[in-house]
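Colleague: The structure is given below, and queries will be raised subsequently.
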Amino acid sequence: MASVSVRTLRFYDQAGLLSPTSYTEAGYRLYTDSDFLRLQQILALKFLGFSLDEIKRCLRVGPTGLREALALQKAMMQEKREQLDAVIAAIEETQSLLRSNQQEWESIVRVIRVMQMSQSNDWRKKYFSDEQLQRMEELSKQSYTEEQRAKLAEWGKNWSEEDQRVANQQWSALSTELKRLTAAGSDPTGPEAQTLAARWASQVSGFTHDDPGILEGLKNLYQNMGKMPAGERPYPVLYTKEEVAFMQKMLEAYHEGQK
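First residue of the sequence shown: 2, per the numbering used here; consecutive thereafter.
Spelled out as structure tokens, the structure:
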């Protein structure tokens, strides 16, 4: 019905995107109507150019009703079409100038700017619902002063979806290593952990710009989020208590060694 191969379904299962509801005694996968609708959402997001990790986040926080899901997909595709139309128009204008032998660099600059504008639209709505964005805004107000919030807004005004994708990959690598070291019972003050601590501190430094006030606000944000009921948090807690304890000891030892 969905025109996808068995190999693809197995891959989606392994990737944590779509697991069958049950199995037959012989081990065949059994899918329900709900599974089929989830597959449709996966294929639509894949068509829009989302990575598997991005699709996973969208499915975790996105709409569950078919009408709501289709409405969101339609809106996103219309927005994508408008962005592509703007880029195509800018390219056609440049082609016209080149045909008349005008080496017009301003038109090339315009093509670049149009593409950058397309990338810098409010891409956060792909990953978070309006309710989640509102909770994130409330958390920010509780955790940072208005002056600090203004700084963050200035630093992030040119932050693109690609920037976020790279940051996600970096944090994912750090988190994976943290979980590995914790599970292995490693020493938080040992060489492996301290190498991770240096990378971790560098990542935090890139966000806070080594501003003490912003760093304090970031700590406040995670403390405030920890006080919220699990169902009301804008995003799930990524680490177990053991991992948090390991991380704290690891970073304390690292900062102590930097003094």
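From the three backbone atoms N, C-alpha and C, an ideal C-beta is built for every residue, glycine too.
For Arg30, name the three-state secondary structure that DSSP assigns.
Modeller: Stepping through the sequence shown from its first residue, residue 30 is reached at position 29. Of the three classes helix, strand and coil, the one that applies to Arg30 here is strand, per DSSP.
Colleague: With a Cβ-Cβ cutoff of 7 Å, do Gly232 and Tyr145 count as a contact?
Modeller: Indexing the sequence shown from 1 puts residue 232 at position 231. Indexing the sequence shown from 1 puts residue 145 at position 144. It is not a contact, given that the beta carbons lie outside the stated cut-off.
Colleague: Among Phe48, Gln259 and Leu85, which has the Cα closest to the Cα of Gln74?
Modeller: As a first step, residue 74 is located in the sequence shown; it is residue number 73 there, counting from the start. The residue from Phe48, Gln259 and Leu85 with its alpha-carbon nearest to that of Gln74 is Phe48.
Colleague: Are there 16 or more other CB atoms within 10 angstroms of the CB of Phe247, so buried, or fewer, so exposed?
Modeller: The residue given as residue 247 occupies position 246 in the sequence shown. Flag for Phe247 reads buried.
Colleague: Considering only the alpha carbon of each residue, which of Gln170, Arg30, Leu60 and Glu55 lies closest to Leu38?
Modeller: Position 37 of the sequence shown, counted from the start, is the residue given in the question as residue 38. Among Gln170, Arg30, Leu60 and Glu55, the Cα nearest to that of Leu38 is on Leu60.
Colleague: Kindly indicate the opening and closing residues of the alpha helix (DSSP H) around Trp201.
Modeller: Taking the first residue of the sequence shown as 1, we reach residue 201 at position 200. Note, Trp201: alpha helix (DSSP H), Pro192 to Thr209.
Colleague: May I have the straight-line CA-CA distance separating Asp54 from Leu46, to the nearest angstrom?
Modeller: Walking along the sequence shown from the start, residue 54 turns up at place 53. Walking along the sequence shown from the start, residue 46 turns up at place 45. So the alpha carbons of these two residues sit roughly 11 Å apart.
Colleague: Between the Cα of Gln135 and those of Pro235, Leu239 and Gly191, spot the shortest distance and give me the residue it belongs to.
Modeller: Counted from its first residue, the sequence shown places residue 135 at position 134. Minimum Cα distance to Gln135 is reached at Pro235.
Colleague: In whole angstroms, give me the CA-to-CA distance for Ser20 and Tyr32.
Modeller: For the purposes of this step, residue 20 is identified with residue 19 of the sequence shown, where counting begins at 1. For the purposes of this step, residue 32 is identified with residue 31 of the sequence shown, where counting begins at 1. In a straight line, the C-alpha of Ser20 is about 8 Å away from that of Tyr32.
Colleague: Would you check if the stretch 162-172 and the stretch 223-232 touch, i.e. whether three or more CB-CB distances between them fall below 8 Å?
Modeller: no
Colleague: Using alpha carbons as the reference points, say which of Gln79, Ala154 and Tyr13 lies closest to Lys57.
Modeller: For the purposes of this step, residue 57 is identified with residue 56 of the sequence shown, where counting begins at 1. The shortest Cα separation from Lys57 among Gln79, Ala154 and Tyr13 belongs to Tyr13.
Colleague: Could you please give me the residues that DSSP links to Tyr273 through a beta bridge?
Modeller: Residue numbering for the chain in the displayed model covers 2 to 260; residue 273 lies beyond these limits and cannot be assessed.
Colleague: Glu193 and Ser187 - do their beta-carbons sit closer together than 7 Å?
Modeller: To locate residue 187, count along the sequence shown from 1; it is residue 186. To locate residue 193, count along the sequence shown from 1; it is residue 192. Yes; because the gap between Cβ atoms is below 7 Å, this pair is in contact.
Colleague: Going by other Cβ atoms of all chains shown within 10 Å of its Cβ, with 16 needed for buried, is Tyr255 buried or exposed?
Modeller: What you label residue 255 is simply residue 254 of the sequence shown in a count that begins at 1. Buried, since its Cβ has 16 or more Cβ neighbours within 10 Å.
Colleague: In the structure shown, what three-state DSSP assignment does Ser35 receive?
Modeller: Taking the sequence shown and counting its residues from 1, one reaches residue 35 at position 34. Three-state DSSP puts Ser35 in a helix.
Colleague: Can you tell me whether Tyr13 is helix, strand or coil according to DSSP?
Modeller: For this step, residue 13 is matched to residue 12 along the sequence shown. In the structure shown, Tyr13 sits in a helix (DSSP, three-state: H, G or I).
Colleague: Where does Met251 land, buried or exposed, given buried means 16+ other C-beta within 10 angstroms?
Modeller: Here residue 251 refers to the residue found at position 250 of the sequence shown. Buried: at least 16 other Cβ atoms inside 10 Å.
Colleague: Taking C-beta to C-beta, are Glu253 and Thr183 nearer than 7 Å?
Modeller: Translated into the one-based positions of the sequence shown, residue 253 becomes position 252. Translated into the one-based positions of the sequence shown, residue 183 becomes position 182. Not a contact, by the Cβ cut-off of 7 Å.
Colleague: If you measure between the beta carbons of Leu10 and Ile43, is that distance less than 7 Å?
Modeller: Indexing the sequence shown from 1 puts residue 10 at position 9. Indexing the sequence shown from 1 puts residue 43 at position 42. No, Cβ-Cβ distance for Leu10 and Ile43 is not below 7 Å.
Colleague: What residue does the alpha helix (DSSP H) around Trp156 start on, and which one ends it?
Modeller: Within the sequence shown, numbered from 1, the residue matching residue 156 stands at position 155. Counting along the chain, the alpha helix (DSSP H) containing Trp156 begins and ends at Glu147 to Gly157.
Colleague: Report yes or no: do three or more beta-carbon pairs, one from the stretch 75-91 and one from the stretch 195-203, lie closer than 8 Å?
Modeller: no
Colleague: Would you kindly report the start and end of the unbroken alpha helix (DSSP H) that includes Ala246?
Modeller: On the sequence shown, residue 246 is found 245 positions in, with the first residue counted as 1. Per DSSP, Ala246 belongs to the alpha helix (DSSP H) from Lys242 to Gln259.
Colleague: Flag this pair as yes or no: are the beta carbons of Gln149 and Gly214 separated by less than 7 Å?
Modeller: Against the sequence shown, residue 149 aligns to sequence position 148. Against the sequence shown, residue 214 aligns to sequence position 213. Yes.
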